[in-house]
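Heads up: the sequence lines are chains A and B, in that order.
Just so you know, we're using my numbering here: the first sequence kicks off at 261 and counts up by one.
Just so you know, we're using my numbering here: the second sequence kicks off at 261 and counts up by one.
See structure below.
There are 2 protein chains.
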Amino acid sequence: MTSPEGLDARMLALARQAREASRRTAELSTREKNAWLLRAAERIEQARERVLSANAEDVRAAEAAGVEKPLLGRLALSDGKWRDMIAGLREVAALSDPVGEIVESRVRPNGLRVGRMRIPLGVILIIYEARPNVTVDAAALCVKAGNAVILRGGSESIRANRALGDELRAAAAETGIPEDAVVVVPTTDRAALEPLLRADRLIDLVIPRGGPGLIRKVSETSRIPVIKHDAGVCHVFIDSTADPKMATEIVLDSKIRQMAVCNGLETLLVHRDAARSVMPTVLKALHEKGVEIRGCAKTREIFTEAREASDDDWAAEYLAPILAVRVVDDLDAAIAHVRRFGSDHTEVIVTGDYANAQAWLRRVSSSTVGVNCSTAFADGQRLGLGAEIGISTSKLHAYGPMGLEGLTTLKFVLEGEGQLRE
Amino acid sequence: MTSPEGLDARMLALARQAREASRRTAELSTREKNAWLLRAAERIEQARERVLSANAEDVRAAEAAGVEKPLLGRLALSDGKWRDMIAGLREVAALSDPVGEIVESRVRPNGLRVGRMRIPLGVILIIYEARPNVTVDAAALCVKAGNAVILRGGSESIRANRALGDELRAAAAETGIPEDAVVVVPTTDRAALEPLLRADRLIDLVIPRGGPGLIRKVSETSRIPVIKHDAGVCHVFIDSTADPKMATEIVLDSKIRQMAVCNGLETLLVHRDAARSVMPTVLKALHEKGVEIRGCAKTREIFTEAREASDDDWAAEYLAPILAVRVVDDLDAAIAHVRRFGSDHTEVIVTGDYANAQAWLRRVSSSTVGVNCSTAFADGQRLGLGAEIGISTSKLHAYGPMGLEGLTTLKFVLEGEGQLRE
């Protein structure tokens, strides 16, 4: 179609438009942003047939190209996803606006008032899987936080993404918001990403969501700060003092409730003193629900239905009805296992021991650590952040579930009456 | 000396040692970290002669190599810098420990307590100018925040840096802290930086301080998150309602107090209605202090001693007795000038008008914005952060003066009694 230079120039032009729009989105009132969100919800509802037929065409093309089942599942806009997507726009409208919030405002000894004010980041590039509903969710959060957003979804979802982008932009035009607050990358050309990732004067943050290949590529290429939404190799550790019933319920909720989510349980660690007392009940319950158990030697001794686990199993994010199980000597061994094989996502201890609970919370440095609760609480909505843009496994800026606040920064605000330093 | 591969391997070995040490520094008690800081202060005082003679040798070598005056000034450890460096260690010991602090702890409707706990980042690489005192300041802050630090100072300061590093590490060994909590890169080979900047599994954050060339190179090469401590092209805007005496004092304090600092004033903007009333007094006072004025046409009309400013002047970080001055039509024009030419550092309005003060604070997105105060308050110590590692002009994670808190992150901490999601 176009030469590589032509593509680069087109992508940079899009980024410049978003940058220009971001100066205005930063100054929009809450009322203006909410009017856009509510109008977008209306418009997308009215455009249902057009969007769904674009999505159906995406699905047909993906099937014809022979893509895998899970991808098709993410791609198809089911009734449930459609409802959640529309409801999401209205929920984001109902969230309080982070922009302009002042935190930590104090008066210094010289009378100077020093506060920190929340402001937008500017332009955010989001790179995500072939999930058209993310186009809407991500745009809503980014713009509510006063940013412009550049959306690059998986190529299989291009038709639905464009259709949804059209509605979001038309709603912007109708409500006096710059259309380029929402830019959908209009091409599936893989080379389109590179010029964007190098445009560090036009884009302030890149959020890649998706497989390890994508995340690695973005980290290596980008000159723009990156917040990774990487794999979740989540652990539950059943301590020797765990209540057996509570342990069973937490493991089931963490593993069974939803299989293909990043906060799902992937490796169960069991204190050796709980191996004979608690573990059989837990593993039997999982087995009955159809979960395949892959265990260490001690696990297989006690639970003979278990298959043998390899080193690959300890690092696996199955997203499937498979669970790795390992018996460990003590709390230290459990923490060492998590440090070696974990992915900084979510780790829970089930224990009755106060000191062990405290040590787990203090010493495990993953983005979410918990005592006596399901791993499934690692979720922005459940933790009280409102909607989430994803779960960051990058320590800088936002670590763990990332909501509106993570899409802003804090500047220092000084209010004086003529204060001088000398 | 060694092959490039040998250098790469040596640098990666250093980074691995720091990574290993960081697991222990993260769990040190406040008492242990403070004991190290106080012992380091004692040891460095006792090693005064050895360190100063290493520094003198650095200075002689730099002079022989013909380096510029300002660099020599930064390199030489004056009595004042020596005192501040030793005092700095004791001040950091007195700061409260950020690690383990819990912020925003709330109970969700289901009884789950959700808090956020401050934890270290891990391993921090700091790349800085030939200023040996920064070796000590940066090590103190990074380790107090529970991190290990890799220090790469300007090559001219290598001898003093090594001598200071030896004392910091010896103090660690004496007080039971891992020596590799502080790693001084032992070579001046420029190629040593590249393998470190690519070691994103071993290093968590890179902080480059220094000229635009260095910062650009680091941003382009690094696979590790970068927080830039970049130039300060700071502005004061004298509004039409500014008090003339206050305006004069603020401009003098911002420009004259110290010239070669990033929070110093570089461009003065004057509302056209204050050009004839306020500007002459201000510029006369500056002129009398030996500051060269480079002005726009209107400025030169009113203050004939001014030379002509070019577009380069608007973007200049002089760090010298030169000031760019421009008359603007109104608040909007002042904000537009700052957006175009500023560097996201520090911008102050002098005004008597409430609405303009509020608009300046809200609309200018630099890391520090102020009303009726000196730009020189953009400083961690002055803003109540305690000592600072520098002033970030990167929006992500830490924006503006960056203290201990900026060297940590927050993880989510969940405390339950068996809560399930379903």
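Idealized CB from N, CA, C, for every residue including glycine.
Please read these numbers as outputs of a predicted model, since none were measured by experiment.
- For K671 of chain B, count neighbouring C-beta atoms within 10 Å of its own C-beta (all shown protein chains included) and say buried if the count is 16 or more, exposed if not. Working through the second sequence from its first residue, we reach residue 671 of chain B at position 411. So K671 of chain B ends up on the buried side.
- Task: Out of A:A433, A:R378, A:A647 and A:A432, state which residue places its alpha-carbon closest to the alpha-carbon of L656 of chain B.
- Result: Position 396 of the second sequence, counted from the first residue, corresponds to residue 656 of chain B. Checked all of A:A433, A:R378, A:A647 and A:A432; the closest Cα to L656 of chain B is A:R378.
- Nonlocal neighbours in the same chain, by C-beta distance under 6 Å from T559 of chain B, ignoring five residues either side: Start at 1 with the first residue of the second sequence, and residue 559 of chain B comes out as number 299. Excluding sequence neighbours, T559 of chain B sits near A566, V585 and V587.
- Length at least 4, wholly inside the region 466 to 518 of chain A: the alpha helix (DSSP H) runs in chain order: 472 to 481 and 504 to 516
- Item | Inter-residue Cα distance where the pair is R299 of chain B and A647 of chain B | Along the second sequence, read from residue 1 onward, the residue named residue 299 of chain B stands at position 39. Along the second sequence, read from residue 1 onward, the residue named residue 647 of chain B stands at position 387. Their backbone Cα atoms lie some 19 Å apart in a straight line.
- Closest Cα partner of L556 of chain A within the set A:E548, A:K544, A:S570 and A:I463: Position 296 of the first sequence, counted from the first residue, corresponds to residue 556 of chain A. Reading off the sequence shown, one finds Cys at residue 556 of chain A, where the question assumed Leu. Among A:E548, A:K544, A:S570 and A:I463, the Cα nearest to that of C556 of chain A is on A:S570.
- Message: Please identify, using Cβ separations under 8 Å, the residues of the region 362 to 378 of chain B that lie next to chain A, in order along the chain.
- Response: So the list reads R366, R368, L372, V374 and M377, given in the order they occur along the chain.
- Message: Can you confirm whether the region 444 to 456 of chain B touches the region 367 to 382 of chain B when touching is taken to mean that 3 or more C-beta pairs between the two stretches lie within less than 8 Å?
- Response: no
- Message: Closer than 8 Å is the cut-off here; do at least three beta carbon pairs connect the region 415 to 433 of chain B with the region 304 to 324 of chain B?
- Response: yes
- Message: Within 9 Å of any Cβ in chain B, is that where the Cβ of I487 of chain A sits?
- Response: Taking the first sequence and counting its residues from 1, one reaches residue 487 of chain A at position 227. Output row for I487 of chain A: interface = yes.
- Segments of 3+ residues assigned as beta strand (DSSP E) that fall wholly inside the region 538 to 623 of chain B: 552 to 555, 582 to 588 and 606 to 610
- Message: I want to see whether chain B comes within less than 9 Å of V673 of chain A, judged by CB atoms only; does it?
- Response: Taking the first sequence and counting its residues from 1, one reaches residue 673 of chain A at position 413. Interface residue, yes.
- Task: Please work out which residues of its chain come closer than 6 Å, Cβ to Cβ, to L525 of chain A, disregarding the five sequence neighbours upstream and downstream, and give them in chain order.
- Result: Numbered from 1 along the first sequence, position 265 holds the residue referred to as residue 525 of chain A. Same-chain partners within the cutoff: C494, V496, S514, K515 and T635.
- Query: Would you say the region 627 to 645 of chain A touches the region 601 to 609 of chain A, given that touching needs at least three Cβ pairs under 8 Å?
  - Reply: yes
- Can you name, in chain order, every residue of its own chain whose Cβ lies under 7 Å from the Cβ of P455 of chain A, other than the five neighbours on each side? In the first sequence, residue 455 of chain A corresponds to position 195, counting from 1. Hits under 7 Å: D268, M271 and L272.
- Where L529 of chain A and A491 of chain A are concerned, what is the direct C-alpha to C-alpha distance, given to the nearest angstrom? The residue you call residue 529 of chain A lines up with position 269 of the first sequence. The residue you call residue 491 of chain A lines up with position 231 of the first sequence. The alpha-carbon atoms of L529 of chain A and A491 of chain A are separated by roughly 19 Å.
- Item | Amino acids of chain B, ordered along the chain, whose beta-carbon sits closer than 9 Å to that of M506 of chain A | Locating residue 506 of chain A in the first sequence gives position 246, counting from the first residue. In chain order, E677 and G678 make up the part of chain B whose C-beta sits under 9 Å from the C-beta of M506 of chain A.
- Hey, does R299 of chain B have any beta-carbon neighbour from chain A nearer than 9 Å? Locating residue 299 of chain B in the second sequence gives position 39, where the first residue counts as 1. The beta-carbon of R299 of chain B is placed no less than 9 Å from the nearest beta-carbon of chain A.
- Query: Which value, in whole angstroms, describes the spacing of the CA atoms of A433 of chain B and A336 of chain A?
  - Reply: As a first step, residue 433 of chain B must be located in the second sequence, where it is residue number 173. As a first step, residue 336 of chain A must be located in the first sequence, where it is residue number 76. If I take the Cα positions, the gap works out to 60 Å.
- Name, in chain order, the residues that DSSP records as bridge partners for E675 of chain A. As a working mapping, residue 675 of chain A is identified with position 415 in the first sequence. Looking at the DSSP assignment, E675 of chain A forms a beta bridge with A:R373 and B:V631.
- Taking Cβ-Cβ distances shorter than 8 Å, what residues in chain B pair up with A594 of chain A? In the first sequence, residue 594 of chain A corresponds to position 334, counting from 1. Within 8 Å Cβ-Cβ: nothing; A594 of chain A doesn't reach chain B, min ~15 Å.
- Are P468 of chain B and K488 of chain B touching if we call contact CB-CB under 9 Å? Locating residue 468 of chain B in the second sequence gives position 208, counting from the first residue. Locating residue 488 of chain B in the second sequence gives position 228, counting from the first residue. K488 of chain B sits close to P468 of chain B, with the two beta carbons spaced by under 9 Å.
- Item | Residues bridged to I386 of chain B (per DSSP) | In the second sequence, the residue the question calls residue 386 of chain B occupies position 126. Bridge partners of I386 of chain B: B:L411 and B:I467.
- Cα separation between A325 of chain B and G425 of chain B? Here residue 325 of chain B refers to the residue found at position 65 of the second sequence. Here residue 425 of chain B refers to the residue found at position 165 of the second sequence. Taking the straight line from one Cα to the other gives about 24 Å.
- Message: So with CB distances below 7 Å, who are the chain D contacts of R623 of chain B?
- Response: No chain D is present in this structure, whose protein chains are A and B.
- Message: Cβ closer than 7 Å: which chain B residues qualify as neighbours of K549 of chain A?
- Response: Locating residue 549 of chain A in the first sequence gives position 289, counting from the first residue. Result: empty, since nearest Cβ-Cβ is about 13 Å, beyond 7 Å.
- Query: Using Cβ-Cβ distances below 7 Å, what residues of the region 551 to 584 of chain B are close to chain A?
  - Reply: none
- Query: Of all Cβ atoms in chain B, is any one closer than 9 Å to the Cβ of M261 of chain A?
  - Reply: The residue given as residue 261 of chain A occupies position 1 in the first sequence. Summary for M261 of chain A: the model assigns pLDDT 47, below 50, so the residue's position carries little reliability; its value from the coordinates is reported in the next sentence. No, its Cβ sits nowhere closer than 9 Å to a Cβ of chain B.
- Query: Hey, does L525 of chain B have any beta-carbon neighbour from chain A nearer than 9 Å?
  - Reply: Indexing the second sequence from 1 puts residue 525 of chain B at position 265. Not closer than 9 Å to any Cβ of chain A, the Cβ of L525 of chain B fails to qualify, so no.
- Message: Which of the three DSSP states is assigned to G333 of chain A in this structure?
- Response: Locating residue 333 of chain A in the first sequence gives position 73, counting from the first residue. Three-state result, G333 of chain A: helix.
- Message: Please report whether the beta-carbon of A491 of chain B lies at a distance below 9 Å from any beta-carbon of chain A.
- Response: Position 231 of the second sequence, counted from the first residue, corresponds to residue 491 of chain B. Not an interface residue.
- Could you tell me which of A:Y388, A:A405 and A:P369 sits nearest to D293 of chain A, measuring between CA atoms? Reading the first sequence from its first residue, position 33 is the one you call residue 293 of chain A. Inspection of the sequence shows that residue 293 of chain A is occupied by Lys rather than by Asp. The option with the nearest alpha carbon to K293 of chain A is A:A405.
- Message: If I follow the unbroken beta strand (DSSP E) through G660 of chain A, where does it start and stop?
- Response: Counted from its first residue, the first sequence places residue 660 of chain A at position 400. Run containing G660 of chain A: G660 to M662, per the beta strand (DSSP E) assignment.
- Task: Output the distance between the C-alpha atoms of M261 of chain B and L453 of chain B, rounded to the nearest integer angstrom.
- Result: Taking the first residue of the second sequence as position 1, residue 261 of chain B is located at position 1. Taking the first residue of the second sequence as position 1, residue 453 of chain B is located at position 193. Caution is warranted here: a pLDDT of 47 is assigned to M261 of chain B, below 50, making its placement in the model unreliable, and the coordinate value is therefore given only provisionally. Their Cα atoms are separated by approximately 17 Å.
- What residues from the region 624 to 635 of chain A come within 8 Å of chain B, judged by C-beta to C-beta, listed N to C? S625, S626, S627, T628, V629, G630, V631, N632, C633 and S634
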